[in-house]
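These protein sequences, in sequence, are chains A and B. Residue 267 in the UniProt record's numbering sits at position 267 of the first sequence, and the numbers go up by one each step. Residue 282 in the UniProt record's numbering sits at position 282 of the second sequence, and the numbers go up by one each step. Backbone N, C-alpha and C fix where the C-beta goes; we use that ideal spot for every residue, glycine too. The block underneath contains the structure these notes are about, expressed in structure tokens.
2 protein chains.
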Amino acid sequence: MSALPPSPADPTAPKPARPAATIHEVARLAGVAIITVSRSFTQPGKLSPGTLSKVREAVARTGYVPNRAAGTLRLARSGFVAVLVPTLKGQNFSGLIEGLTTTLAEHGHQVLIGEVGYSGPREDDLLRSVIGRRPDGIVITGVMHSAEGRALLAQSGIPVVETWDVTPTPVDMLVGASHEAIGYAACTYLARRGRRRLAHVGGDDERAARRARSFVQAASHFGLEAPVLHTVRSPSTHADGRLALGELLARRPDIDAICCGSDPLAMGVMTEARVRGLAVPDRLAVMGSGDSEYAATHVPSLTSIRIDGLQAGRIAARLVLDRLQGVPIEHKVVDLGFEIVERESA
Amino acid sequence: MSALPPSPADPTAPKPARPAATIHEVARLAGVAIITVSRSFTQPGKLSPGTLSKVREAVARTGYVPNRAAGTLRLARSGFVAVLVPTLKGQNFSGLIEGLTTTLAEHGHQVLIGEVGYSGPREDDLLRSVIGRRPDGIVITGVMHSAEGRALLAQSGIPVVETWDVTPTPVDMLVGASHEAIGYAACTYLARRGRRRLAHVGGDDERAARRARSFVQAASHFGLEAPVLHTVRSPSTHADGRLALGELLARRPDIDAICCGSDPLAMGVMTEARVRGLAVPDRLAVMGSGDSEYAATHVPSLTSIRIDGLQAGRIAARLVLDRLQGVPIEHKVVDLGFEIVERESA
DNA sequence: GTGAAAGCGCTAACAG
DNA sequence: CTGTTAGCGCTTTCAC
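Written out as structure tokens, the structure is:
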């Protein structure tokens with residue numbers, strides 16, 4: 001029966017600055033103990049119908065929503081899993097997020113998405129604030145974490161899934177594809193189709209660099225000339241693709257195939273090729289990566305490297321859930337593999 | 001000096017199932033009171049250099065990261081703002097999120113992103129779990145919230161910014177553009193350029209419907225024939241665009257302009273037009289929406305309707321921050337406006 | 001079927 | 001400059 005505090009501050013606030021209802025007010029209104037209100041959410045079956053409906057009415061009247069910060073503190077379970085992605089631009093990670101969200105939702109967990117950026121320095125700070133919220137799991141997407149970050153993760157005791165990438169020394173669990181293998185396979189694919197003067201365009205992030213490296217290696221194995229390389233800022237764009245083709249042709253006018261680190265990049269290359277009157281794929285083969293929605297329906301359709309993000313998300317979610325339930329994890333490292341989706345452009 | 005609990009459960013767990021360090025252990029290790037550890041984070045200047053370094057060392061040794069669930073409970077401030085978007089696919093909302101993230105980060109707030117989906121029924125559930133985490137603000141993107149959802153929001157006492165849309169009855173604050181005005185302006189733009197047989201392709205969500213409606217209205221004002229309308233599933237895709245052009249031409253072979261509800265849709269229309277030998281813009285004008293990265297560099301470049309998402313995010317963040325600091329809000333409703341970026345395609 | 005007590009980890013307020 | 005006390009809102013354990 002305490003008096004309301006004298007509403008301070010903002011006179012334009014539309015809502016009574018009255019703070020959200022707590023379990024105490026609901027209990028008082030319903031004439032029960034707070035524990036009964038709590039049980040109306042967690043085990044409604046254990047309440048008598050009469051009590052339950054009294055409580056439910058009080059909940060509805062007050063718009064009461066339990067404060068999960070209190071629950072998290074008490075239970076040492078926050079009910080959410082954090083996902084750290086480099087960027088939300090482009091549709092690279094939407095499949096992963098969808099896979100995580102749906103699988104985790106089935107088990108009552110939510111997903112918190114954090115954008116790390118490709119830069120890196122802020123990474124540890126972000127990691128710290130994420131850990132501070134005590135997620136039940138952390139899914140890290142293609143981040144090269146610092147030694148300090150790795151230590152923080154390890155000491156947090158939180159299940160960690162690294163994904164999108166295969167590293168030799170995972171912090172904990174791993175769901176990824178080998179970018180070395182991808183680069184090698186892309187080169188093999190082009191070489192087998194008779195391409196001889198190759199080029200590679202990729203972003204300036206770590207994974208892209210690894211792909212490019214093994215692309216070059218493969219070319220050397222096949223006895224091809226060293227591919228012409230071009231690097232652009234990540235995340236790479238259509239505009240980058242147009243410029244890249246110009247650059248590459250200036251350096252080596254007779255290239256007959258370009259492997260691109262993303263689909264927008266590949267689309268840019270194809271646009272520029274069309275402008276320059278270079279037929280794709282006859283004169284120039286173009287490969288993308290990401291298997292974007294438009295890859296299949298563009299003309300010419302785009303050959304693209306596909307990593308199954310949806311599946312990666314589902315697996316990562318399962319790993320976290322299993323660890324939380326104490327189920328022994330059989331394979332802590334899962335190789336997702338990849339697929340070269342063959343279409344018209346290469 | 002308590003013994004470690006007998007590690008239970010998962011034998012494959014790589015890390016000591018030892019839970020994360022608490023402030024007590026750090027304090028003990030450093031030989032100070034827990035409040036001193038707390039202050040080493042909140043007001044390090046108030047500690048003597050010696051004490052500070054002792055504490056910092058203990059923090060580093062344990063990998064201690066303060067539990068924000070406890071802080072949230074104590075301070076009634078969670079330090080994050082929740083953003084609810086219909087989808088992360090496509091780049092529609094990445095600008096908004098970027099604007100929010102950067103502005104809020106400057107003030108020590110994080111952003112939690114939630115994907116609502118265009119469907120709707122799950123919306124109230126998601127809203128409830130978001131409110132349960134007591135965000136310091138909620139930014140809702142183009143969601144038609146139910147009466148119950150609105151009540152929940154109002155009773156939560158949390159600052160709410162609706163965005164991306166203008167509604168007549170905002171729950172609290174609003175940053176948006178009028179989709180009626182956009183539809184009208186798009187039609188005006190095409191009519192002024194001499195187009196007479198118009199078509200409109202849009203998604204099946206509420207906002208798209210409003211644009212289409214006022215597009216039709218405008219056509220009627222200008223004395224044009226009723227535009228041919230086609231609706232696709234949101235979020236609309238390149239594939240939808242290709243099919244849409246076929247549909248529209250089948251119904252009305254002589255259309256000379258198509259207004260599309262998204263850029264992928266417009267790209268699909270342009271691809272199909274190229275396949276069919278219809279010159280853009282001479283034979284067929286095409287407008288997109290979203291002003292995607294590739295709009296400027298595609299050939300022909302794409303005329304597109306642009307809403308400044310980055311700016312929307314910044315403004316929404318400011319509104320939330322002002323409300324939190326008790327600053328009177330001058331304009332609770334901000335009309336962002338929009339811009340038709342004129343390029344080659346229309 | 002219902003309730004009282006205790007405590008999760010932290011920080012504001014008030015000593016000293 | 002440092003420490004003690006109290007309590008944020010909830011759920012587990014143990015009683016009735």
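What do you get for R283/B, buried or exposed, if any count of 16 or more other CB atoms within 10 angstroms of its CB means buried? Residue mapping note: residue 283/B aligns to position 283 of the second sequence, counting from 1. Exposed: under 16 other Cβ atoms inside 10 Å.
Per DSSP, F80/B forms a beta bridge with which residues? On the second sequence, position 80 is the one that residue 80/B refers to. Paired residues: Q110/B.
Measure the CB-CB distance between V228/B and R251/B and report whether it falls below 8 angstroms. The residue you call residue 228/B lines up with position 228 of the second sequence. The residue you call residue 251/B lines up with position 251 of the second sequence. Yes.
Distance, Cα to Cα, V269/A vs E342/A? To locate residue 269/A, count along the first sequence from 1; it is residue 269. To locate residue 342/A, count along the first sequence from 1; it is residue 342. Across the structure, V269/A and E342/A are spaced so that their CA atoms are roughly 18 angstroms apart.
Taking the alpha helix (DSSP H) that L47/A falls in, what are its first and last residues? Residue numbering aside, residue 47/A sits at position 47 when the first sequence is read from its first letter. For L47/A, there is no enclosing alpha helix (DSSP H), as DSSP gives it neither H nor E.
Would you kindly check if the distance between the Cβ of V81/A and the Cβ of P135/A is under 8 angstroms? Here residue 135/A refers to the residue found at position 135 when the first sequence is read from its first residue. Here residue 81/A refers to the residue found at position 81 when the first sequence is read from its first residue. Here P135/A is near V81/A, since their CB atoms are less than 8 angstroms apart.
Tell me the DSSP secondary structure of D10/B in three-state form. Here the question's residue 10/B lines up with position 10 in the second sequence. Below a pLDDT of 50, predicted positions are generally treated as unreliable, and D10/B, at 40, falls in that range; the measurement from the model is reported next regardless. Three-state DSSP puts D10/B in coil, outside helix and strand.
Does P19/B pass the burial test, meaning 16 or more other C-beta atoms within 10 Å, or should it be called exposed? As a working note, residue 19/B is residue 19 in the second sequence. Classification of P19/B: exposed, given that the 10 Å Cβ count is below 16.
When DSSP builds the beta bridges, which residues end up paired with E339/A? In the first sequence, counting from the first residue as 1, residue 339/A sits at position 339. For E339/A, DSSP records a beta bridge to R306/A.
Note down, in chain order, each residue of its chain lying with its Cβ closer than 8 angstroms to the Cβ of A3/B, except the 5 sequence neighbours on either side. The residue given as residue 3/B occupies position 3 in the second sequence. Low per-residue confidence applies at A3/B: pLDDT is 33, beneath 50, and the placement is therefore not dependable enough to give any value.
State the DSSP-derived secondary structure class of H221/B, mapped to helix, strand or coil. As a first step, residue 221/B is located in the second sequence; it is residue number 221 there, counting from the start. Looking at H221/B - three-state DSSP - the assignment turns out to be helix.
Name the residue from R77/B, E293/B and L265/B whose alpha carbon lies nearest to the alpha carbon of A70/A. Position 70 of the first sequence holds residue 70/A. Nearest C-alpha to A70/A: R77/B.
Between which two residues does the beta strand (DSSP E) holding H200/B run? Locating residue 200/B in the second sequence gives position 200, where the first residue counts as 1. First-last of the beta strand (DSSP E) with H200/B: L198 to G203.
By how many angstroms is the C-alpha of R150/A removed from the C-alpha of T51/B? Here residue 51/B refers to the residue found at position 51 when the second sequence is read from its first residue. Here residue 150/A refers to the residue found at position 150 when the first sequence is read from its first residue. Using only the alpha carbons, I get a separation of about 27 angstroms.
What residues match up with T163/A in a beta bridge as DSSP calls it? Walking along the first sequence from the start, residue 163/A turns up at place 163. BP columns for T163/A point to T141/A and V175/A.
Under a three-way DSSP split, which group does A212/B fall into? The residue you call residue 212/B lines up with position 212 of the second sequence. If DSSP states are grouped into helix, strand and coil, A212/B belongs with the helices.
With 16 other CB atoms within 10 Å as the buried threshold, where does S214/B fall? Taking the second sequence and counting its residues from 1, the one referred to as residue 214/B is at position 214. Label assigned to S214/B: buried.
Output yes if chain B places a C-beta closer than 8 angstroms to the C-beta of L73/A; else output no. For the purposes of this step, residue 73/A is identified with residue 73 of the first sequence, where counting begins at 1. With 8 angstroms as the cut-off, L73/A counts as an interface residue toward chain B.
Strand pairing of H230/B, partner residues [DSSP]: Translated into the one-based positions of the second sequence, residue 230/B becomes position 230. DSSP output for H230/B lists V201/B as bridge partner(s).
Based on the DSSP output, what are the partners of M287/A in its beta bridges? Counting from one through the first sequence, the residue named residue 287/A turns up at place 287. Assignment of beta-bridge partners to M287/A by DSSP yields C259/A and T303/A.
For a test of the three-state rule: what should DSSP assign to V320/A, helix, strand or coil? On the first sequence, residue 320/A is found 320 positions in, with the first residue counted as 1. Helix.
Close beta carbons around G337/A, own chain, < 7 angstroms, minus the five adjacent residues each side: Walking along the first sequence from the start, residue 337/A turns up at place 337. Excluding the 5 residues flanking it on each side, G337/A has same chain C-beta neighbours closer than 7 angstroms at A177, in chain order.
List the endpoints of the continuous alpha helix (DSSP H) containing R242/A. Position 242 of the first sequence, counted from the start, is the residue given in the question as residue 242/A. That run of the alpha helix (DSSP H) goes H238 to R251.
Measuring straight from C-alpha to C-alpha, what distance separates P5/A and P328/B? One-based indexing of the first sequence puts residue 5/A at position 5. One-based indexing of the second sequence puts residue 328/B at position 328. Interpretation of P5/A is limited by its pLDDT of 36, a score under 50 that renders its predicted location unreliable; the figure taken from the coordinates is listed afterwards. Taking the straight line joining both Cα atoms gives about 19 angstroms.
Reducing DSSP to helix, strand and coil, say where V333/B ends up. The count along the second sequence starts at 1 and reaches residue 333/B at position 333. In the structure shown, V333/B falls within a strand segment according to DSSP collapsed to helix, strand and coil.
Under 8 angstroms, Cβ to Cβ, is there at least one residue of chain B near G132/A? Here the question's residue 132/A lines up with position 132 in the first sequence. Closer than 8 angstroms: yes.
For E344/B, the residue or residues it bridges with in DSSP: Taking the second sequence and counting its residues from 1, the one referred to as residue 344/B is at position 344. Per DSSP, E344/B has no beta bridge partner at all.
Pick helix, strand or coil for V65/A, following the three-state DSSP scheme. The residue labelled residue 65/A in the question sits at position 65 within the first sequence. Here V65/A sits in coil by DSSP.
Any idea what DSSP makes of V275/B, helix, strand or coil? On the second sequence, residue 275/B is found 275 positions in, with the first residue counted as 1. Here V275/B carries a helix assignment [DSSP, helix/strand/coil].
Which chain B residues are close to L112/A, counting only those with a beta carbon under 7 angstroms from its beta carbon? For this step, residue 112/A is matched to residue 112 along the first sequence. Listed along chain B are L112, each with a C-beta nearer than 7 angstroms to that of L112/A.
Listed from N- to C-terminal order along the chain, which residues in the region 291-322 of chain A have their beta-carbon within a distance smaller than 8 angstroms of any beta-carbon of chain B? For the region 291-322 of chain A, residues whose beta-carbon sits nearer than 8 angstroms to a beta-carbon of chain B comprise E293, Y294, A296, T297, H298 and V299.
With 8 angstroms as the threshold, decide whether the Cβ of G176/A is near any Cβ in chain B. Translated into positions along the first sequence, residue 176/A becomes position 176. At least 8 angstroms separates the CB of G176/A from every CB of chain B.
Can you give me the C-alpha to C-alpha distance between A147/B and T188/B, rounded to a whole angstrom? Counted from its first residue, the second sequence places residue 147/B at position 147. Counted from its first residue, the second sequence places residue 188/B at position 188. Per the coordinates, the alpha-carbon of A147/B lies some 35 angstroms from the alpha-carbon of T188/B.
For V139/B and A316/B, believed in contact at Cβ under 8 angstroms, the rounded distance: Along the second sequence, read from residue 1 onward, the residue named residue 316/B stands at position 316. Along the second sequence, read from residue 1 onward, the residue named residue 139/B stands at position 139. The Cβ separation is near 5 angstroms, so the contact holds.
I'd like the span of the alpha helix (DSSP H) that includes L152/A, first residue to last. Residue 152/A sits at position 152 when you count from the first residue of the first sequence. First-last of the alpha helix (DSSP H) with L152/A: A147 to S156.
Would you grab the beta carbon distance between L73/B and M173/B for me? Rounded to a whole angstrom, and I think it's under 8 angstroms. For the purposes of this step, residue 73/B is identified with residue 73 of the second sequence, where counting begins at 1. For the purposes of this step, residue 173/B is identified with residue 173 of the second sequence, where counting begins at 1. Not quite, the Cβ-Cβ distance comes to about 27 angstroms (not below 8 angstroms), so this is no contact.
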